[in-house]
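Protein chains in written order, with the working numbering: chain A, 1 to 422; chain B, 423 to 844; chain C, 845 to 1266.
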Amino acid sequence: MDKETVELLIRTGPGTRMGNLMRRYWVPVLLSSEIAEPDGAPVRVKILGERLLAFRDSSGRPGLIDEFCAHRGASLFLGRNEEGGIRCSYHGWKYDVNGRCTELPSVPALACKMKLTAYPCIERGDILWAYMGPSEKQPPLPELEWCMLAPSHRYVSKRFQATGWLQAMEGGIDTTHASWVHRYELDQDPMHRRAHANKYIKADRNAVFDLEESPHGLTILGRRNGEADSHYWRVTQWIFPWFTLIPPFGPHALGGHIWVPIDDESCWAWSINFLPDRPLPEEELQAMKEGKGIHVKYVPGTFLPQANPGNDWLIDRAAQKSLRSFSGVEGFSIQDASLQESMGPIQDYAKEHLVSTDKPIAMARRMLARAARALEEGVEPPALDPVVQRVRAASVLLDRGVKAEDWARAALCTLETPVFSV
Amino acid sequence: MDKETVELLIRTGPGTRMGNLMRRYWVPVLLSSEIAEPDGAPVRVKILGERLLAFRDSSGRPGLIDEFCAHRGASLFLGRNEEGGIRCSYHGWKYDVNGRCTELPSVPALACKMKLTAYPCIERGDILWAYMGPSEKQPPLPELEWCMLAPSHRYVSKRFQATGWLQAMEGGIDTTHASWVHRYELDQDPMHRRAHANKYIKADRNAVFDLEESPHGLTILGRRNGEADSHYWRVTQWIFPWFTLIPPFGPHALGGHIWVPIDDESCWAWSINFLPDRPLPEEELQAMKEGKGIHVKYVPGTFLPQANPGNDWLIDRAAQKSLRSFSGVEGFSIQDASLQESMGPIQDYAKEHLVSTDKPIAMARRMLARAARALEEGVEPPALDPVVQRVRAASVLLDRGVKAEDWARAALCTLETPVFSV
Amino acid sequence: MDKETVELLIRTGPGTRMGNLMRRYWVPVLLSSEIAEPDGAPVRVKILGERLLAFRDSSGRPGLIDEFCAHRGASLFLGRNEEGGIRCSYHGWKYDVNGRCTELPSVPALACKMKLTAYPCIERGDILWAYMGPSEKQPPLPELEWCMLAPSHRYVSKRFQATGWLQAMEGGIDTTHASWVHRYELDQDPMHRRAHANKYIKADRNAVFDLEESPHGLTILGRRNGEADSHYWRVTQWIFPWFTLIPPFGPHALGGHIWVPIDDESCWAWSINFLPDRPLPEEELQAMKEGKGIHVKYVPGTFLPQANPGNDWLIDRAAQKSLRSFSGVEGFSIQDASLQESMGPIQDYAKEHLVSTDKPIAMARRMLARAARALEEGVEPPALDPVVQRVRAASVLLDRGVKAEDWARAALCTLETPVFSV
């Protein structure tokens, strides 16, 4: 990538080109449960380089406003969340979820002139989403499959990652690495071990890729040897601009991620498991809550994983030596995070060498850059229509003669099809 | 404030305009007790961006000199404080409190040519003060009321604050905020609870302000409703450039602060309580030492408050919810510090909106900027004459017809008047 | 020193002039024991500003390669060291000790095109050395005396120092400071206390210096009063560019240091003790391992000294007051480190005042600057010939009439002479 394209893709603050593009979509901000109670404690949150405050008002409405009081700049995190708004502790200025100053005690007549930045918020799929773009451009609500299910069918978590969003997201569309870093976990993890297809992943480390540019983003078809007469296909979906869907492992829950910039050097990595047609089994749900599968264990009171750059991701050289684990790092998400964080907060793109199996990465970069540049010219961003977001990832054995693209197009872009899984 | 004025006011290092202005006054450096013993351990201190070393020599004289040896730049903090000076551990160069090199063992003849920066020091009011300006301009010693009392009449402490000096000092002349952030402490704190006037502060949150530009700086007159026929006046004094005097609370000790830049992003917040006419009662003195009132509890071995930005000032959301405390933060000084530190080390002045109750702040800024600019033109700074520093703050009930400015001018600028307090 | 010369001497990253000069010598990288086992855990190491990875392959060969995979930039620290190379955990690319990519699983044909920076390595004197310069200029292996002895005759340790290399190295050629900061340790430390000459060092704090520019670097002759008819000479050697040899203390082991830049603000300080003609006595070896003499105690699991800038080098003011220790800091190396680290990571050279006893420092700087500038003009660096590295430090009583330079030239540049020591 040339330097200008790197800058284009990794900078997401206000006024940047990628920032402008991302602000045209609903942005996952935090777990609804982080502001569970009406009039409960507000939560500071940094998203796309902006310092914001999330809170839920007396009537249960969520708000996402500028963190700092318009008066002297004190943090409203210290404020009191009370009767329909949050009140600054310093001089009692009070704001509602729309950022309007509803009380300015010392000069009441001025209240109507004070307004904080506030972003429209909605809750869906256990997540608070905000729209941070121009108001006349607000898109329809997201309709990703897992968003629309009953809460019992879904488990959502997030973790802090000490890298920019791009190198994190790229791990989500890079199906090759499963045969390496995740190889030995497949048979051990409670959310993966019952997959018949683990043996294909382990036996054939050299997946071959087909790519489909789709209305939602990219459909990535990875082919490994299956049985004598079949190929084992893993079909990953990348949905503009930051969603990925993971091909399922046997009868286990489907999975997905969201990769949202905190700032240019850190991001939220969201992890979702779901079953379209039934509640998550209690045993699997319990395992997810314990940090198994694509979820993680936290440093108590934070969303920072226990295994993090400060402790070399708790690498276990004996486990690595004995091949209990290929990298010696525990857990799917931390395995990815460790490698991505080891690159530094922003990977040195000038030194990388992409190869043919990195086509999904190269293509996603190209599409992102193209969309960001087009937006500057007034071209509307892709995949704003929620209908195109309703796609599914799959893992499937297909006869060697079948064209997988055709199959995928027919089977995965309507959620009425059965859940395919091997 | 325009950007140039912001820069003018917040930068205080050597050669800056505000730095030049501040260097024309005696600068509070550290507690005398920090260098209690002759030939005791030296103390590193950063003031106005300069890295200095304070020590007390064999004869009891305090010194404040450049932290670093003139030879190779080793810190004299590691030196040995012995017979009339501090000796660098590296090669034995020795310096007296005037910064003169009194021994240079390997080349004795050179000693007389080596001289470290050294600032004249005096001790008054339990504080070591230094004069850091041009020697021909050294002003008379400070004569603030609390300075001149017997030690038994006074208690002095300091704490580290993680903000520039300006946003700290401005809290000291901002009487409005007492009705908000300090509201619920007034009846609980041992140094405030016996004030009859707490009820006025709590009942009338919308103080009205009068301002008097005075020879010492500003006299700030805040009026709240008192009894049916009276107003409750709180008269705060700001004395050039960094002293504030707090109106008293009933029979409790008078109070004051000093706000001294460490560098542009941190400052020392000094807190003083005193009684002009008698020793502090033992019970109140004990409470001060325990960090009550305007004093704080420390991280052991430091002047960093236990409640600090690293632990969200130990905010107690349950206390805030139940209104045991308005902000959930404990203690007058930490309540102020939390709000000011939450703004970031340097407040975003471009985003603030001052209102009429911020007149004292706007006026103080204007006077500081004016004095700094005038100094460049050769105009001497204000309030160098100690006579004008001898003012007092007061809280008083005055008949509704009385002109408070007239009363204050007559009553508060001569310390012979009785101590007014409600 | 003028600013340009300062920059010349302290910057050692790729492409800098001093960096280019240093890269013409074999560079001490880490202890051989840090990568003791074939196929053991790799070790990240930063040297001269470059982030590298050291590992030992299946056949026992050490390697020093770029830390980051050529593919996506993941750290090979997370890789698996297995059968002849280290394999990146992300996608399985594998590299041998020469940096050659020996496997690129997804596109085997590309492997031969991928190559990481790799530096030739050798092991000598318990140290792994690398050659980081142009391949056609690789010099003969180092032949310093301690390198060439049987392991039983030698003890080698290293510690992290939070300063640039220059101010660290200069402590090694500054014999004056021994009479000050180390004064009271001489009679206490198990590796120094049996030296008869301690009394000369303590009695005469004003050593007089002679200097000899030598083919290896500098021979520094420090003269103190000895007996009535003799002088006590301490002859220190500085060997281009970063080796120093310490004059022995009585019958104790000889000593030396190496000062190697990690980056421009930190360095490795290596400490070596050795006996040319016999194994180190068990008791002294034990003391060295416990951090006595010129060695240190570590924060467990690191090479960071327990006494470090974060804890004010555990200074003991009572010991300093009572003169159990001159600086109150414990241990020869930490005494030096504390003073050098107290200067800041890069000393403020603009403020220093060198005096006549600093001649060795001034001369070494001149020689380093001259060699770095000459290299730009194509002049080969000094002391590449290992024969000239075979010098020894000495402490000796010479009759007052003897010319010490003549004696040193004859006695110390051939290692066949007896070990002189007082």
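All C-beta atoms in this analysis are idealised placements derived from N, C-alpha and C, irrespective of residue type, glycine included. These figures come from a predicted structure and were not determined experimentally.
- Considering only A:Lys137, A:Ser89, A:Ile127 and A:Val97, the residue with the shortest C-alpha distance to A:Asp385 is A:Lys137.
- The alpha carbon of C:His1021 has as its nearest neighbour, out of C:Ala1227, C:Ile1205 and C:Glu1249, the alpha carbon of C:Ile1205.
- Look at B:Leu571 here: in three-state DSSP terms it is coil, with no helix or strand label.
- Taking 8 Å as the cut-off between beta carbons, the residues of the stretch 194-212 of chain A near chain C are Arg205, Asn206 and Ala207, in sequence order.
- In the structure shown, C:Thr946 falls within a strand segment according to DSSP collapsed to helix, strand and coil.
- Less than 7 Å divides the Cβ of B:Asp488 from the Cβ of B:Leu538.
- By the Cβ test, the stretch 557-577 of chain B is in contact with the stretch 691-702 of chain B, since at least three Cβ pairs between them sit closer than 8 Å.
- For the C-beta of A:Ile173, not a single chain C residue is nearer than 7 Å; the gap to the nearest is close to 13 Å.
- Uninterrupted beta strand (DSSP E) stretches at least 3 residues long and entirely within the stretch 679-760 of chain B occur at 688-696, given in chain order.
- Annotated as proximal: C:Thr1201 and B:Ser528, with beta-carbon spacing under 7 Å.
- Cβ proximity to chain B below 8 Å picks out Leu104, Pro105, Ser106, Val107, Leu110 and Met114 from the stretch 96-127 of chain A.
- A Cβ-Cβ distance of about 7 Å is found for the pair B:Leu500 and C:Ile1159, placing them in contact under the 8 Å criterion.
- In this chain, the alpha helix (DSSP H) harbouring B:Leu834 covers Ala826 to Leu834.
- Using a Cβ-Cβ cut-off of 7 Å, B:Gln659 does not count as an interface residue toward chain A, since no Cβ of chain A sits closer than that to its own.
- For B:Ser764, the C-beta contacts it makes with chain A under 7 Å involve Ala74, Ser75, Phe77 and Leu78, in order along the chain.
- Contact annotation, B:Arg656 with B:Ser817: C-beta distance approximately 5 Å; criterion of less than 8 Å satisfied.
- Counted as a single uninterrupted DSSP element, the stretch harbouring C:Asn1050 is not any alpha helix (DSSP H), since DSSP gives it neither H nor E.
- Residues Leu640, Thr641, Ile642, Leu643, Lys781, Pro782 and Met785 of the same chain have their beta carbon placed closer than 8 Å to that of B:Leu633, with the five preceding and five following residues left out of the count.
- In the structure shown, the three-state DSSP call for B:Ala552 is strand.
- Among the residues of the stretch 676-691 of chain B, none has a Cβ less than 9 Å away from any Cβ of chain A.
- Contacts between A:Ala36 and chain B, judged by CB atoms closer than 7 Å, are missing: the closest CB pair is about 13 Å apart.
- Under the DSSP assignment, A:Ala372 falls in the alpha helix (DSSP H) whose first and last residues are Lys359 to Glu376.
- With its beta carbon less than 7 Å from one in chain B, A:Ala70 belongs to the interface.
- Contact note: B:His513 reaches chain C through Thr1020, His1021 and Trp1024, using a C-beta cutoff of 7 Å and chain order.
- Under the 7 Å criterion on CB atoms, C:Ala885 is classed as interfacial with respect to chain A.
- A distance of 7 Å or more separates the beta carbons of B:Pro803 and B:Leu571.
- Cβ-Cβ separation between B:Lys773 and A:Phe68: approximately 7 Å, consistent with a contact (criterion under 8 Å).
- Using a 10 angstroms sphere on the CB of B:Lys825, the tally of other CB atoms stays under 16, which defines it as exposed.
- The three-state secondary structure of A:Ile201, taken from DSSP, is helix.
- From the beta-carbon of B:His653, no residue of chain A is found nearer than 9 Å; the closest lies around 17 Å away.
- Boundaries cannot be given for C:Lys957, as no alpha helix (DSSP H) includes it and DSSP labels it neither H nor E.
- Interface criterion met: the Cβ of A:Val355 is under 7 Å from a Cβ in chain C.
- The C-alpha of C:Gln1081 lies about 9 Å from the C-alpha of C:Gly1016.
- Using a Cβ-Cβ cut-off of 9 Å, A:Ser322 is close to nothing in chain C; its nearest Cβ partner there is about 11 Å away.
- In this structure, B:Val465 is the residue among B:Val465, B:Pro450 and B:Val449 with its C-alpha nearest to the C-alpha of B:Glu456.
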